[in-house]
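Peer 1: Per the working numbering, residue 644 is the first one in the sequence shown, and the count goes up by one each step.
Built from N, CA and C at the ideal position, the CB exists for glycine as well.
Questions regarding the structure given below will be posed in turn.
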Amino acid sequence: MPATPRTARPRHYLMCPPTHFRVTYAINPWMDPAKPVDTDLAVAQWEDLRDLYLRLGHRVDVIEPLPDLPDMVYAANGATVVDGKVLGARFRNAERAAEGPAYLDWFRSRGYTETLDPVHVNEGEGDFLVTGAWVLAGKGFRSAPESHAEAQEFFGRPVVSLELTDERYYHLDTALAVLGPDEVMYYPGAFTPGSRAVLERLFPDAVLATAEDAAVLGLNAVSDGLHVVLPEAATGLAERLAARGFEPVGVDLAELLKGGGSVKCCTLELRPAAG
Ligand code: ARG
């Protein structure tokens, strides 16, 4: 079967440099405060990712990192933006609580008028992933189940709840990536049987990741419809994507993996209002 022809669509991203990145607390199993972190190396790897997006023709805005928020580099968690509407984040852990208002302030100061400071805990695009037809929403570790209804009401898009079961894959974006309007890749082992059945029903042709590819956070990837930027260690996934007509682009974000995040975690997509 010949691979589907693919086209890239230019995207608008928000990123936050890891100027103050370090691992001083552990709120996911990837984080070990005893393990040294090279902040300069983290910055260099992050700059490579930003430069790659620019070379691929995307627009990248940058939010100023705050010194007391070492996890602020994971911009995906800062909000969810659909149709130009900004659903703010409310973090589960006190260590990250101040990031929610910091990101919301950025949007308000940039002229975004439709914003919502949420009632329920949601960690932005860590747990909300947008397809053409739906918002896929993760729960189990971070975002509260009630946040799914809150997002559906605010965006007016159907939200599909998915339950995560493996603490290594604590955010939906560590277990699933959106590749195109109705294409995804995911690691079945990260979901409950019922959620797996939902994914099989919605996406019968999904690219499935092996345990090995998931364990290097290979699913923490960003697609523009053609290029799929993913951790370079996820070689099996890269082959599967190429066989489907995508162009996988591997990057090294090893320092940021020590905080439990990779490509997608560092990237918040700003989806404009239609028209
Ligand atoms: N240390 C951060 C946390 O545990 C990592 C967040 C990763 N971001 C993501 N979108 N999965 O909250």
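Going by the C-beta, is Lys907 closer than 8 Å to any heavy atom of the ligand ARG?
Peer 2: Yes, the beta carbon of Lys907 sits closer than 8 Å to at least one heavy atom of the ligand ARG.
Peer 1: Considering only residues of the same chain and omitting the five flanking positions on each side of His870, which have a CB-CB separation below 7 Å?
Peer 2: Within the same chain, His870 has close Cβ partners Ala651, Leu699, Glu890, Val892.
Peer 1: In chain order, what residues of the same chain lie with their CB nearer than 7 Å to the CB of Arg800, ignoring the 5 residues before and after it?
Peer 2: Cβ within range, chain order: Val725, Trp777, Val778.
Peer 1: Taking the alpha carbon of Ala677 as the point to measure from, which residue in Glu757, Thr667, Ala780 has its own alpha carbon closest?
Peer 2: Nearest option by C-alpha distance: Thr667.
Peer 1: Let me check you understand the geometry: is the CB of Met674 closer than 8 Å to at least one non-hydrogen atom of the ligand ARG?
Peer 2: Because some heavy atom of the ligand ARG lies under 8 Å away, the Cβ of Met674 counts as near it: yes.
Peer 1: What did DSSP end up calling Tyr717 once you bin it into helix, strand or coil?
Peer 2: Note: Tyr717 maps to coil in three-state DSSP.
Peer 1: Below 8 Å, is the gap between the Cβ of Asp714 and the nearest heavy atom of the ligand ARG?
Peer 2: Yes, Cβ of Asp714 sits closer than 8 Å to a heavy atom of the ligand ARG.
Peer 1: Which same chain residues, not among the five before or five after Ala919, have their C-beta less than 8 Å away from its C-beta?
Peer 2: What is shown of the chain runs 644 to 918, which leaves residue 919 out entirely.
Peer 1: From the DSSP output, read off the bridge partner residues of Ala639.
Peer 2: Nothing about residue 639 can be reported from this structure: the residues present for the chain run from 644 to 918 only.
Peer 1: Assuming Glu843 is part of the alpha helix (DSSP H), what are its boundary residues?
Peer 2: 836–845 is the extent of the alpha helix (DSSP H) around Glu843.
Peer 1: Below 8 Å CB to CB, which residues in the same chain sit around Gly828 once its five sequence neighbours on both sides are set aside?
Peer 2: Per the sequence shown, the amino acid found at residue 828 is Met instead of Gly. The residues are Leu819, Ala820, Leu822, Ala849, Val850, Leu851, Ala852, Leu862, Ala864, Leu880, Arg883, Leu884.
Peer 1: Return yes when at least one heavy atom of the ligand ARG lies under 8 Å from the C-beta of Arg903, else no.
Peer 2: Here residue 903 turns out to be Gly, not Arg, going by the sequence shown. Under cutoff, so the answer is yes.
Peer 1: Just how far apart, CA to CA, sit Pro831 and Leu900?
Peer 2: Going from the Cα of Pro831 to the Cα of Leu900 covers about 21 Å.
Peer 1: May I ask which residues mark the beginning and end of the beta strand (DSSP E) holding Val821?
Peer 2: Segment 819–823, the beta strand (DSSP E) holding Val821.
Peer 1: Counting pairs of beta carbons, one from the segment 738–748 and one from the segment 782–802, are three or more of them closer than 8 Å?
Peer 2: Counting Cβ pairs under 8 Å, fewer than three are found: no touch.
Peer 1: Any heavy atom of the ligand ARG within a distance shorter than 8 Å of the CB on Glu810?
Peer 2: No, the Cβ of Glu810 stays beyond 8 Å of every heavy atom of the ligand ARG.
Peer 1: Among Thr756, Asp770, Gly781, Arg649, which has the Cα closest to the Cα of Leu911?
Peer 2: Minimum Cα distance to Leu911 is reached at Asp770.
Peer 1: For the putative contact between Arg785 and Pro761, defined by C-beta atoms under 8 Å, what is the C-beta separation to the nearest angstrom?
Peer 2: Contact flag wrong, Cβ pair sits at about 13 Å.
Peer 1: If Val729 sits next to Glu757, beta carbons under 8 Å apart, how far is it from one beta carbon to the other, in whole angstroms?
Peer 2: Contact holds; Cβ gap of about 7 Å.
Peer 1: Taking just the CA atoms, how far does Arg751 sit from Phe846?
Peer 2: So the alpha carbons of these two residues sit roughly 36 Å apart.
Peer 1: In whole angstroms, give me the CA-to-CA distance for Phe656 and Asp748.
Peer 2: Note on identity: in this sequence residue 656 is Tyr, with Phe being the wrong assignment. Their backbone Cα atoms lie some 17 Å apart in a straight line.
Peer 1: Using the Cβ count rule (16 or more neighbours within 10 Å means buried), how would you classify Pro660?
Peer 2: Counting Cβ neighbours within 10 Å, Pro660 comes out buried, since at least 16 surround it.
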